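First residue of the sequence shown: 1, per the UniProt record's numbering; consecutive thereafter. Accompanying notes for the structure given below.
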Amino acid sequence: MPAEGDVMATTPDEMKSSSPKKGEDILYDPWCDPKNPRVINFQDVSAAAFKIKAGIMNTPCTRSHMSSITDIEIYFKKEFNQYTGSFKERGARYTLLMLTDEQKKNGVIAASAGNHALALSYHGQDLGIPVTVVMPLVAPIMKVQACRQYGANIVVKGNDIGECREIALKMAKDQGLLYINGYDHPHILAGQGTMGLEIVEQVKDIDAVVIPVGGGGLIAGVALAVKALYPHIKVIGVESERCASFSEAMKAGQPVYVKAESTLADGLAVPKVGVNAFATAANLVDKVVTVREEWIAIAILRLVECEKAVVEGAGATALAAILAGELPELKGKRIVIPLCGGNIDTTVLGRCLERGLAADGRLVKFTVTVSDRPGGIAELTRLLANLGVSIKDMMHERAWIKSDIFSVEVKVIAETRDYEHAKVLKGALESHYTKLRFVNPDQIHSDDC
Ligand SMILES: Cc1ncc(COP(=O)(O)O)c(C=O)c1O
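This is the structure in structure tokens:
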């Protein structure tokens with residue numbers, strides 16, 4: 001392992017020595033070598049902060065409207081305001097700026113379906129450095145097009161990010177391009193760490209920072225920056241329970257593969273954390289927790305409603321952990337949460353909002369059998385209207401039901417004010433009708449902001 005303080009600029013010599021040698025594994029990435037993990041240090045982060053200043057936004061870090069309802073003084077670092085919608089620009093720009101002249105001329109390559117691709121494409125164009133990104137066949141078309149608009153050469157190939165990586169590493173070798181791992185290249189880590197420097201400058205007397213974890217680059221950089229200046233600040237990582245690769249790495253003492261299931265926090269679905277990220281972060285992270293999908297949906301909903309912020313699943317995960325009650329020790333404390341990205345598909349956003357409302361008990365579904373004589377359905381709708389419940393959808397079923405011929409099964413989707421209101425509705429339906437199936441909200445209680 002290189003000693004802390006190693007200068008990490010890409011020198012031509014290093015480039016030569018770090019290129020795969022003859023007979024060496026073609027998929028070997030010399031910058032992210034499991035046998036030789038690199039630990040970045042504070043100087044790397046401060047150098048990055050100085051270098052990227054001109055091209056990166058110092059995003060606002062403001063007190064949240066949710067502070068009173070959570071009993072935690074929350075500040076949000078609004079990284080979704082970066083030009084391409086995420087913090088990934090920090091590491092991308094720094095890595096591009098650190099290339100040798102030859103590398104700048106030849107260009108770089110990456111494998112990414114999202115924010116790293118956008119960040120690299122945009123800053124590559126800004127700095128006049130050719131960028132190639134291999135994006136999976138399932139990558140959202142909007143993101144593919146945005147990268148092309150930023151002038152990048154986009155190769156849409158590979159079923160998942162693992163296959164894209166293989167393709168990109170082979171292309172890197174064949175075409176003399178530098179492969180940039182979006183969560184583990186040491187300069188990426190240093191660049192992401194600049195967010196930590198801004199946070200401690202913007203908010204005084206912080207007790208903890210709560211950071212979403214995918215490949216671990218963000219938490220590694222931020223933990224390093226924050227702990228170097230204020231060792232007492234707790235650094236807490238949050239993962240989706242569908243891909244708890246950092247938690248597993250902590251248990252194993254090294255990065256290990258976990259199964260990555262599809263998650264709303266797609267930016268966090270990295271099955272094995274980075275070797276450099278883990279080596280840098282492992283001793284600095286105080287705790288890692290996981291969150292369930294429904295809490296991520298609720299966090300996205302709360303951010304829209306309370307903060308007027310559109311945040312993607314990965315970016316909302318840290319707030320999700322707070323709302324889920326995973327971090328009770330933070331009550332009464334002052335914390336900072338980065339809202340790391342805003343790149344969420346409009347259709348996915350719509351689904352998240354609906355799931356969030358359903359989990360809140362504000363969108364309910366029930367099936368009730370009512371009289372099919374004149375006035376039967378009117379009686380049902382009157383009951384709902386009297387309770388202030390608004391019908392969103394209603395479907396009638398006559399052919400396949402077994403109850404008497406003069407009855408109809410009505411499936412209703414309705415809006416209620418909150419979980420308590422949904423319970424009142426359920427009670428009223430139970431006392432009026434004998435045949436009722438009420439889909440219970442997940443017992444997740446909500447608070448208004
Ligand atoms: C919005 C967002 N938040 C958090 C992360 C996690 O960053 P890292 O992979 O460095 O842990 C990502 C990664 O892509 C992301 O896109």
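Glycine included, each C-beta is placed from N, C-alpha and C at the ideal position. Just so you know, these numbers come straight off a predicted model, no measurement behind them.
Span separating the alpha-carbon of residue i from that of residue j
i           : j    : result
L323        : L330 : 12 Å
C352        : Q192 : 27 Å
V291        : I141 : 28 Å
M57         : G162 : 31 Å
residue 495 : L169 : The shown model of the chain, from 1 to 449, leaves out residue 495, and the question about it has no answer.
L177        : F80  : 29 Å
D71         : A318 : 16 Å
I167        : Y122 : 22 Å
residue 450 : C61  : The requested residue 450 does not occur in the structure, where the chain is confined to residues 1 to 449.
S86         : Y419 : 34 Å
D205        : D174 : 51 Å
D393        : S64  : 34 Å
N41         : H187 : 11 Å
C32         : D360 : 43 Å
F438        : S371 : 18 Å
A49         : A228 : 15 Å
G214        : L349 : 20 Å
V138        : G376 : 48 Å
K22         : Y28  : Reliability fails at K22, whose pLDDT of 44 lies under 50, so the model's placement of it is uncertain and the value that follows must be treated cautiously. For K22 and Y28, the distance between alpha carbons rounds to 12 Å.
Residue i burial status per 10 Å Cβ neighbour count (16 or more: buried)
i           : result
A110        : buried
I391        : exposed
I211        : buried
H185        : buried
M135        : buried
D266        : buried
Y257        : exposed
G342        : buried
W295        : buried
K88         : buried
residue 450 : The requested residue 450 does not occur in the structure, where the chain is confined to residues 1 to 449.
M8          : In this predicted model, M8 has a pLDDT of only 46, less than 50, meaning its place in the structure is not dependable enough to derive any value.
P255        : buried
K77         : buried
H432        : exposed
N159        : exposed
Any chance the stretch 218–227 sits against the stretch 136–153, with 3 or more Cβ pairs inside 8 Å? no
Should the stretch 419–432 be called in touch with the stretch 392–408, which here means at least 3 C-beta pairs below 8 Å? no
At least three beta-carbon pairs within less than 8 Å, the stretch 278–285 to the stretch 229–242: yes
Taking contact to mean 3 or more Cβ pairs, one atom from each stretch, closer than 8 Å, check whether the stretch 239–259 and the stretch 270–283 are in contact. yes
Would you call the stretch 36–52 in contact with the stretch 301–309, where contact means no fewer than 3 C-beta pairs closer than 8 Å? no
Ordered list of beta strand (DSSP E) runs contained in the stretch 128–202, each at least 3 residues: 131–135, 153–156
Can you list, in chain order, the stretches of the beta strand (DSSP E) that have 3 or more residues and sit fully within the stretch 319–405? 334–338, 363–371, 390–397
At what residue ranges does the stretch 98–133 contain a whole run of the beta strand (DSSP E), taking only runs of 3 or more? 108–111
Where in the stretch 218–269 do unbroken runs of the alpha helix (DSSP H), each at least 4 residues long, occur, reported from the N-terminal end onward? 245–252
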